[in-house]
Each structure stands twice: as structure tokens, then as C-alpha cells.
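As C-alpha cells, the structure follows; a few thoughts come after it.
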Amino acid sequence: MAPSCYARAKSRTAVPELVLGPLLRHVGPSDATFWVETDSPCEVEVRAGRPSTRSPTFRVGTHHYALVRVTGLTPGVSHEYEVRLDGEVVWPEPSSPFPPSVVRVPGEGELVKLVFGSCRISAPHEPPFTLSYADDERGLGVDALYAMAMRLRDQPPEELPHALVLLGDQIYAHKPPYDTLDFIRSRRDTSRPPGEDVADFEEYARLYRDSWGDPAIRWLLSTVPSAMIFDDHEVSDDWNISASWVEETRMHPWWNDQIAGANASYWIYQHLGNLSPKELAANELFEKVRTADDAWPPLREFASHAHRTSEGPRWSSCRDFGNVRLIVVDSRGGRVLEEGRRSMVDAREWAWIEDKATGSFDHLLLATSLPVLLGPGMHYLQAWNEAVCAGAWGELSKALGERVRRSQDLDHWASFQSSFAALTSLIQRVASGEKGDPPSSVTILSGDIHHGYLAEMDPGGGVKSRIYQAVCSPLRNALPGKKSSLQNVAWMKPFALATYLLSRLAGVKPPSLNWHLTHESPWFENHVATLQLDGRSAHITFEEAVTDDSREPGLRKLFARRLV
Ligand SMILES: [Fe+2]
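Just so you know, we're using the working numbering here: the sequence shown kicks off at 2 and counts up by one.
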């Protein structure tokens with residue numbers, strides 16, 4: 002008997018579909034991990050040559066996810082791949098204007114190419130959103146990540162970067178895209194707090210979907226492996242800026258759902274893909290999540306606990322690309338904020354970072370959302386502010402210090418002077434050969450501050466590596482003019498001298514190292530950076546996102562330099 006219309010309709014709706022992804026995430030010497038979100042439970046299969054690998058989805062509330070690990074990849078060879086859900090091909094999409102997605106692990110001695118950047122508000126790639134803010138208040142300019150995707154689309158697979166390093170503020174929970182806003186408005190009264198800010202796991206999941214769902218971004222993330230770390234906007238503006246901020250925010254009735262949703266969604270959408278297969282196999286929470294009927298209860302418990310303890314999960318991660326080591330250092334989620342114990346990460350995570358930061362690599366990269374080497378004026382201002390907030394100028398000045406801290410976002414490594422000293426000392430030890438043969442270069446990759454630059458640490462006694470701070474921010478979220486000016490003066494000598502004296506008056510010790518800008522002044526445009534590491538040499542390029550002569554998004558060189 003022919004199936005009824007109802008049965009046909011039911012079987013049609015029962016076919017699982019991709020909601021987001023595939024994202025190509027961790028890549029090892031001959032293996033790769035793929036991440037997907039689907040609309041229903043199913044078996045996810047990735048075919049990148051033979052044999053294919055399958056994995057069942059796991060459920061979090063009404064959402065379904067899978068991580069699929071593919072092994073046996075030949076180094077230096079590009080493997081086209083497809084994704085099947087319950088046997089049906091869902092990727093590549095049949096009418097896609099993009100080339101087939103590939104997976105490729107680095108070949109022996111191959112030049113390593115990494116693209117990096119941070120701070121990206123998602124909006125359509127058309128006017129008025131592509132206009133500047135000066136031309137239209139909805140304008141965000143050209144998205145540098147989108148422009149990079151459009152460039153890579155036309156390049157052969159062997160030219161693709163080995164990784165995209167996303168340095169924080171991949172989503173903006175308090176400036177959600179219009180589709181997410183419609184979703185939020187459809188499910189709750191936004192005249193009540195937290196208003197139009199993202200409020201719970203369901204809304205964060207929607208925010209990720211809308212931020213990474215554009216076809217160009219989706220293709221880019223499917224074919225270039227990625228390492229990611231969050232910053233404040235993955236949760237809310239100023240998240241974890243200080244102990245008093247945390248205390249105040251915890252009093253809001255909506256906070257528990259917001260922080261649980263933010264941490265849980267970050268763990269699923271970004272953190273899981275940072276982990277190596279060995280780390281995943283040893284991860285107790287992942288085991289619970291994979292095997293639960295509904296993983297939300299254990300995930301919620303983890304996400305809430307992660308916020309309530311300073312001895313929380315390790316969000317930092319590490320991966321090697323041939324003889325290049327990349328350590329992604331969390332500088333937001335694992336902070337210890339209690340006065341007297343302030344630290345960017347807890348003692349256990351710091352020990353892990355120290356263990357991973359070694360020589361005997363051609364290059365060592367330390368990726369951390371917040372810059373370590375700021376403009377000197379800003380460095381001393383932050384050091385002064387930390388001291389004042391701790392009571393260096395008496396109880397009355399503490400509140401004033403906290404107001405300045407929050408209004409000017411003074412919470413970078415310079416605001417955690419003991420962590421600044423520990424990290425720069427660690428870098429100097431690596432660079433002087435105390436932890437194995439010194440690398441040719443040590444480069445800190447950072448974002449967050451809505452301007453970009455390349456600074457170099459002045460060589461100290463015994464240091465054999467070149468040491469740099471490269472900052473690339475924003476991908477798409479340029480600062481309004483006034484804040485740009487403040488960041489610009491941070492590199493000027495009179496401002497640096499004034500804030501240096503201020504910090505000394507508050508009892509701050511001067512840093513044991515110096516650094517300088519390698520060019521005239523920072524840039525504030527939407528931009529993206531590319532690092533090329535070839536044996537012992539290294540080269541960096543910063544490119545601005547522009548509309549080219551044919552009115553298509555393009556990239557124009559802002560600055561390039563051979564690092565070593
Ligand atoms: Fe940030």
C-alpha cells in the first residue's frame with residue numbers, strides 16, 4: 002500500500018538536517034576533529050577518503066551535536082570531505098558557490114600559515130551594514146573575516162591557512178544580530194532585564210547559529226581548522242572585570258541563567274573543538290555529555306560551578322603545527338579576582354602553561370585575547386588603577402578607581418601586575434634557552450582593544466629569540482573616534498611619562514623590560530592578520546577590510562614585516 006500523505010510528510014520531516022557546521026576544529030599530525038549541530042538525533046558520518054568515521058549526536062535540551070574524529074590523513078595532502086546524516090549527504094550543499102571543503106594536515110617541513118583576529122559583530126554583508134558608522138548608525142564596515150573567506154575561495158587548497166586563531170569576542174551577547182534579536186523578542190518581554198542581551202542557553206545557541214551561519218563564514222570554518230578562546234562579549238560586556246563586578250552581577254535574578262548559558266554554549270561551540278583527541282578521551286564532562294539522555298543537567302551544573310570557583314576548568318589549550326607551538330592562554334574565564342590573590346589564571350592552569358611553554362620549537366606563539374604589551378601609557382595607567390583599586394590611595398579612592406576601571410576597560414595583563422611579571426618572565430626564560438633551545442621567535446597574539454599593532458620587546462641580557470606582541474582587533478567592530486584617540490596617545494611619550502609617574506606614586510614597581518612599536522601608529526580599521534612561519538624565519542601581514550573597485554569585499558595591506 003502506498004504511504005499516506007501524513008506518513009510521507011512525517012518521513013520527510015524525520016530527515017535530519019545540519020543546523021550549523023561542519024566546523025573543522027583540532028587538527029593533529031594525521032587526524033582531524035569535525036563539529037556539527039543537527040536539528041534532530043542522528044548518526045553523523047564524515048567521509049574524507051576511506052574509511053569514513055561515524056559518531057552519534059548527543060543532546061543538550063532541544064539541540065543536537067556531534068564531534069567526529071577522522072584519522073589516517075596523509076600529511077600535506079588535501080582531502081575533500083562530505084558529511085552525511087543518517088546516510089544522506091548534507092555537506093557540501095548542492096548549490097554552494099564555494100569550492101568543496103577540504104581537510105589537510107601539514108606536510109613535513111611545510112611553511113605554516115596562521116590567520117588571526119578578534120572582535121566580530123555579525124551582520125549581513127550588504128549596505129547599510131557594510132557602510133561605516135559615520136555614514137549610517139547601523140554601519141559596521143566590511144567584515145574582515147568575510148573578506149578573508151572570499152579571498153580563500155579563489156585559492157587552491159594547498160594555499161589555505163593551517164589554522165584560524167580567533168582571539169575572543171567571536172559573538173556579542175549584548176549586541177546580537179537582528180535574527181537573534183527577533184528570536185529573543187519572540188520568546189520574552191525585552192522591556193524587563195536583561196532586555197535585549199542574550200539571556201540563556203537557548204539564546205546563546207541562536208546567537209552562535211546567526212553569527213557563524215553566513216555561507217561564506219560557514220565555508221571558511223568548514224575548511225580552515227580553528228583554535229578559539231573567549232573574551233568578555235561571549236558572556237556580557239565587562240564580564241569578570243573585577244571582584245566587585247562579579248559580586249554585583251550575581252545579585253541580578255537573571256544572572257544564573259545567563260552565565261550558565263554562556264559557559265555551557267562556549268564549552269560546546271568553541272572549547273570542545275580546541276581539545277586534542279587525547280584530551281577529549283580523558284574529559285569526564287565530555288563522557289557524561291556524550292552518554293546522557295539529555296546533557297543539559299550536567300552541563301548546567303558544570304557551567305554554573307565554573308563561574309563560582311576560581312579553581313575552575315582549564316580553558317587554555319595547546320597545539321603544534323610541525324615545529325611551531327601555539328599555546329592559547331585564557332585571560333578572561335579563569336581569573337582569580339580576590340584582592341591579594343589577583344591572577345589571570347589559577348595556580349593549576351599557570352603550572353600547565355609553564356609546562357607547555359618551552360623552547361626546542363622554531364617558533365612559540367602565545368595567543369591570549371587580552372594584549373600583554375600595551376602602549377606604555379596604557380600599561381602604566383592600568384598598573385596604577387590596579388594599585389588604587391587595591392587601596393594604595395586609601396579606602397575613598399577605591400570606588401573612584403573601580404569606576405575608572407569599568408569605564409575604560411582597564412583589565413588587561415597590565416592590570417594584573419603579578420601575572421604580567423610571571424608571563425613576561427616565562428617568555429624571557431624560553432627566549433634565553435632556559436627551557437630548551439631558544440625559538441627563533443616568540444610572538445604574543447592578542448585582540449580585544451579595537452586597534453592593531455606590532456610591538457617588539459627590547460632585547461634583554463641573554464635573550465636569544467625575537468619577542469613580539471601582535472594585536473589584531475577588530476575583525477568587524479571599529480571604535481568610535483574618541484576611544485581611538487585615547488588608544489593612540491597610549492603610545493606617546495608625554496602620556497607614558499605622566500602615567501608612569503602616577504603608577505610610581507601608587508607604589509607600582511617599574512617593569513623589568515621595555516618594548517616599542519615597530520611602526521608609526523596603530524590602526525583602527527576592521528582588519529585581519531596573517532602569520533607565515535617558514536623554518537626559522539617568520540613574516541606578518543595586517544590587512545584592512547575594504548570594498549574593492551568591483552564593489553566586492555577585499556583586503557588591502559596595512560603593514561607587513563619580516564619578524565625574523
Ligand atoms: Fe573583549
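Positions of the beta carbon are idealized from the N, C-alpha and C atoms, including for glycine.
Runs of beta strand (DSSP E) with 3 or more residues, each lying fully within the region 82-114, are found at 83-86 and 89-92, listed in chain order. In the three-state reduction of the DSSP assignment, Q156 falls in the coil class.
Going by C-alpha positions, Q383 is about 48 angstroms away from P57.
Listed in chain order, the alpha helix (DSSP H) elements of length 4 or more contained wholly in the region 339-373 are 348-357. Close CB contacts of Y381 within its chain, under the 6 angstroms cut and outside five residues either way in sequence, are with T500, Y501 and S504 (chain order).
Nearest Cα to T39 within the set V28, P52 and A15: A15.
Of the residues S102, Y66 and L367, the one whose Cα lies closest to the Cα of H80 is S102. Per DSSP, the beta bridge partners of L24 are W36.
No heavy atom of ligand 1 is found nearer than 7 angstroms to the CB of D198. DSSP places E248 inside the alpha helix (DSSP H), whose first and last residues are A244 to R251. Under the DSSP assignment, K558 falls in the beta strand (DSSP E) whose first and last residues are P554 to R563. In this structure, G453 has its CB at a distance of at least 7 angstroms from all heavy atoms of ligand 1. When DSSP states are grouped into helix, strand and coil, P495 belongs to the helix group. Separation of R467 and S311 (C-alpha to C-alpha, rounded to the nearest whole angstrom) is 34 angstroms.
DSSP lists K114 and H540 as the bridge partner or partners of Q533.
In the three-state reduction of the DSSP assignment, I122 falls in the coil class, being assigned neither a helical nor a strand state. Only residues of its own chain outside the window of five on either side were considered, and among them E38 and A206 have a CB closer than 7 angstroms to the CB of H64, listed in chain order. Residue burial annotation: L374 is buried, with at least 16 other C-beta atoms found within 10 angstroms of its C-beta. From the listed residues N257, L273 and F525, the smallest Cα separation to H27 is found for L273. Counting only the Cα atoms, D201 lies some 36 angstroms from S398. H175 has its CB no nearer than 7 angstroms to any heavy atom of ligand 1. Looking at the backbone, the Cα of A265 and that of V69 are separated by about 20 angstroms. Here the alpha carbon of P475 sits roughly 11 angstroms from the alpha carbon of A530. Sequence-distant Cβ neighbours of D412 in its own chain, meaning closer than 6 angstroms and more than five residues away, are I242. Between H234 and H175, the beta carbon gap of about 7 angstroms places them in contact (Cβ cut-off 8 angstroms).
In the displayed model, G453 falls within a strand according to three-state DSSP. The region 327-342 and the region 118-134 do not touch, with fewer than three beta-carbon pairs separated by less than 8 angstroms.
Looking at the DSSP output, F322 sits in a beta bridge with V325. Listed in chain order, the non-local C-beta contacts of G313 below 8 angstroms within the same chain comprise H306, A307, G334, G335 and D347, local neighbours out to five positions each way being set aside. Excluding the 5 residues flanking it on each side, D232 has same chain C-beta neighbours closer than 6 angstroms at G169, D170, R333, S370 and D449, in chain order.
Around the beta carbon of E249, a 10 Å sphere encloses fewer than 16 other beta carbons of the protein chains shown; the residue is thus reported as exposed. N489 and R210 have their C-alpha atoms spaced approximately 35 angstroms apart. The nearest non-hydrogen atom of ligand 1 is less than 7 angstroms from the C-beta of G169. Exposed is the label assigned to G395, since fewer than 16 other Cβ atoms lie within 10 Å of its Cβ.
For the region 183-271, the continuous beta strand (DSSP E) assignments of 3+ residues that do not extend past its boundaries occur at 227-229, in sequence order.
A straight line joining the alpha-carbon of R139 with that of E46 spans about 41 angstroms.
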